[in-house]
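J.:
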Amino acid sequence: MTHPQSPAPVSTPVAAIPERGRPRLDYAASIYLALLFLLLTVLGLYLIYRLRFLVILLFLSLLLACGIARPVRWLERRRLPRSLAILTCYTVIFGIFAAITWYVLPQLVGQAVSLVEDVPLRIEQARQVQARIDELAIEYPIVRDLDRQLITVTQGLSATLTRMLLNAPQAIAKALFSLATMFTIGFLLLMTKERLLIVTLSLFHPRHRAPAQQVLDEIGIRLGAYLRAKLIVMVIVGALIWLTLTLLDSPYAILIAIFAGSMEAIPRVGPWIGRFAILLAVFPLGWQEVAIAMAAHVVIENFKGFILSPLVEADQVDIHPLTAFIAIIAGGLLLGWIGALIAVPAAAVVQVVVQDVLIPWRHSRLAEAERLFAIGPVPPDAELAHTNQS
775 MTHPQSPAPV STPVAAIPER GRPRLDYAAS IYLALLFLLL TVLGLYLIYR LRFLVILLFL
835 SLLLACGIAR PVRWLERRRL PRSLAILTCY TVIFGIFAAI TWYVLPQLVG QAVSLVEDVP
895 LRIEQARQVQ ARIDELAIEY PIVRDLDRQL ITVTQGLSAT LTRMLLNAPQ AIAKALFSLA
955 TMFTIGFLLL MTKERLLIVT LSLFHPRHRA PAQQVLDEIG IRLGAYLRAK LIVMVIVGAL
1015 IWLTLTLLDS PYAILIAIFA GSMEAIPRVG PWIGRFAILL AVFPLGWQEV AIAMAAHVVI
1075 ENFKGFILSP LVEADQVDIH PLTAFIAIIA GGLLLGWIGA LIAVPAAAVV QVVVQDVLIP
1135 WRHSRLAEAE RLFAIGPVPP DAELAHTNQS
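Counting in the working numbering, the sequence shown tops out at residue 1164, every number present.
Below is the structure:
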């Protein structure tokens, strides 16, 4: 008796089963690659930290090039060669600095001479103040503690001033070298910007070159706008300080106004340095003038913080105030005052990358995930039927 033959089972394609040891090798290789990438990242960050002066100098050169890019383009449209256009902008900048130096230097020399001549008078005044403090300390012992603290602070300031005077030649030479290097690099960046752009875009996939060029253009616009906005704020604040000191009949009005206005380039610390300079300028005029000058400077700083900066810097740079505040704190902690100086333009660059690169990429990934979620999971029977049909 023959049994009916059962139908042959339908053969379904079976995925190739990997060897037993291969997944473990792939997993180990991925771990080693991740560790190697982490090690290279740490070494790269350490190298950047060791070369931070060069990195800061390059960033300042880029900031300078972006700041004068618009005037250079304007001169180029007037049939002026690019090299001459750049040199014309440099000539204007150097002319402004030379005019300020020509005006300030004789006053500095005269004030230094008068300060040396007034040293005996200042010493006598200090002795009179010390005698008065000793008289008050007999009746109020707390004055003695305040006097000791004042002496400690004065000694600290004297030591700091002495170190600054001793290091002044080296600091001046370093500053001149940095300025010459910055202007040279800025000149080269503007002269070869097309070639640099081609080389940079060649590192990207052809599909991504147009967005990458858009991001680079936006970074250049933000950096140039920041530099121009900062110069506008410095000029307005310096003019208001000059007007205040002129009304108080201070002989150092223009000198202190230039110094305090230039200190506005340094976030957080700069206004306090300018306020201390104003205090020294109006202190010989009397306590009433000191109070008026300090109150006026507070009003000027509030005007700058609540009205001028939001209208000028926020509109030009288009950066969120919280981002700028966090960037200033981080830059100050990492690199000191120079870090606080370049924190806002660096934050503007990061914000452009986040807005134009990371956020669109993340939105595209989320859109793909939402599309798959809307389709829903494929039923096992439907997947098996599709496999059998194939």
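Even for Gly, the Cβ is constructed at its ideal location relative to N, Cα and C.
Our contact map puts Ala1013 next to Thr1020 with C-beta atoms below 8 angstroms; I'd like the distance itself, whole angstroms only.
T.: Not a contact, Cβ separation roughly 10 angstroms.
J.: What three-state label does DSSP hand His1137 in the structure shown?
T.: Three-state result, His1137: helix.
J.: Take the Cβ of Ala1148 as the centre, count every other Cβ of all protein chains shown within 10 Å, and call the residue buried at 16 or more, exposed below.
T.: So Ala1148 ends up on the exposed side.
J.: Quick check on the DSSP output: what are the complete alpha helix (DSSP H) runs of length 4 or more inside the segment 1037-1066, in order along the chain?
T.: Correct list: 1043-1056.
J.: Excluding the five sequence neighbours on either side, which residues of its own chain have a C-beta within less than 8 angstroms of the C-beta of Leu858, listed in chain order?
T.: Excluding positions up to five away in sequence, the list reads Leu849.
J.: What are the boundary residues of the alpha helix (DSSP H) that includes Thr966?
T.: No alpha helix (DSSP H) holds Thr966; DSSP gives it neither H nor E.
J.: Hey, how far is the Cα of His1094 from the Cα of Val1126?
T.: Spanning the two alpha carbons is a distance of roughly 12 angstroms.
J.: Between which two residues does the alpha helix (DSSP H) harbouring Ile1093 extend?
T.: Counting along the chain, Ile1093 falls outside any alpha helix (DSSP H), and DSSP gives it neither H nor E.
J.: Could you tell me whether the Cβ atoms of Ala1114 and Thr1097 are closer together than 8 angstroms?
T.: The answer is no: Cβ separation not under 8 angstroms.
J.: Could you name the residues of the same chain whose beta carbon sits closer than 6 angstroms to that of Ile995, not counting the 5 residues immediately before and after it, in chain order?
T.: Nothing listed; no residue qualifies.
J.: Within the continuous alpha helix (DSSP H) that includes Arg852, where are the two ends?
T.: That residue, Arg852, is in no alpha helix (DSSP H); it is neither H nor E in DSSP.
J.: Provide the residue span of the alpha helix (DSSP H) that contains Gly994, from first to last.
T.: Element bounds for Gly994: Arg983 to Leu1021.
J.: Could you check whether Trp1111 and Val1009 sit closer than 8 angstroms to each other, using their CB atoms as the reference points?
T.: Contact flag unset, no.
J.: Is the number of C-beta pairs between the segment 831-839 and the segment 959-979 that are closer than 8 angstroms three or more?
T.: A contact exists between the segment 831-839 and the segment 959-979.
J.: Report yes or no: do the segment 1042-1058 and the segment 1067-1076 share at least 3 C-beta pairs separated by less than 8 angstroms?
T.: The answer is yes - the segment 1067-1076 touches the segment 1042-1058, with three or more Cβ pairs under 8 angstroms.
J.: Flag this pair as yes or no: are the beta carbons of Leu1022 and Val878 separated by less than 8 angstroms?
T.: No. Outside cutoff.
J.: Starting from Pro1119 and walking both ways along the alpha helix (DSSP H), at which residues does that stretch end?
T.: Note, Pro1119: alpha helix (DSSP H), Trp1111 to Val1127.
J.: Suppose you measure from the CA of Glu1144 to the CA of Arg1136; what does that come to, to the nearest Å?
T.: C-alpha separation (whole angstroms): 12 angstroms.
J.: Can you give me the Cβ contacts of Ser952 inside the same chain, cut-off strictly under 7 angstroms, excluding the 5 residues immediately before and after it?
T.: Cβ neighbours of Ser952 beyond the five flanking positions: Leu831.
J.: Near Ile1006, what residues of its chain come up, given a Cβ to Cβ distance below 8 angstroms and the 5 sequence neighbours on each side ignored?
T.: Within the same chain, Ile1006 has close Cβ partners Val1086.
J.: Please report the Cβ distance between Ser1024 and Val1064, rounded to the nearest whole angstrom; I am assuming they are in contact, meaning their Cβ atoms lie under 8 angstroms.
T.: About 11 angstroms separates the two Cβ atoms, so there is no contact after all.
J.: Could you give the C-beta distance for Gly998 and Arg852, rounded to a whole number, given that I count them as a contact under 8 angstroms?
T.: Actually they are not in contact, since the Cβ atoms of Gly998 and Arg852 sit about 19 angstroms apart, beyond 8 angstroms.
J.: Taking 8 angstroms as the threshold (beta carbon to beta carbon), is Arg851 in contact with chain C?
T.: Absence of chain C from the displayed structure is noted, only one protein chain being present.
J.: Alpha carbon to alpha carbon, what distance is there between Val1124 and Ile993?
T.: Cα-Cα distance, rounded: 9 angstroms.
J.: Glu968: which of Ala802, Arg856 and Ile822 sits nearest, CA to CA?
T.: When each option's Cα is compared against that of Glu968, the closest is Arg856.
J.: Going by CA-CA distance only, name the one from Ile1052, Val1128, Thr1018 and Ala949 that's closest to Phe827.
T.: Comparing Cα positions, the closest option is Ala949.
J.: What does the alpha-carbon distance come out to for the pair Tyr820 and Gln1129?
T.: Their backbone Cα atoms lie some 28 angstroms apart in a straight line.
J.: Less than 8 angstroms separating the beta-carbons of Val846 and Cys863?
T.: Cβ atoms of Val846 and Cys863: closer than 8 angstroms.
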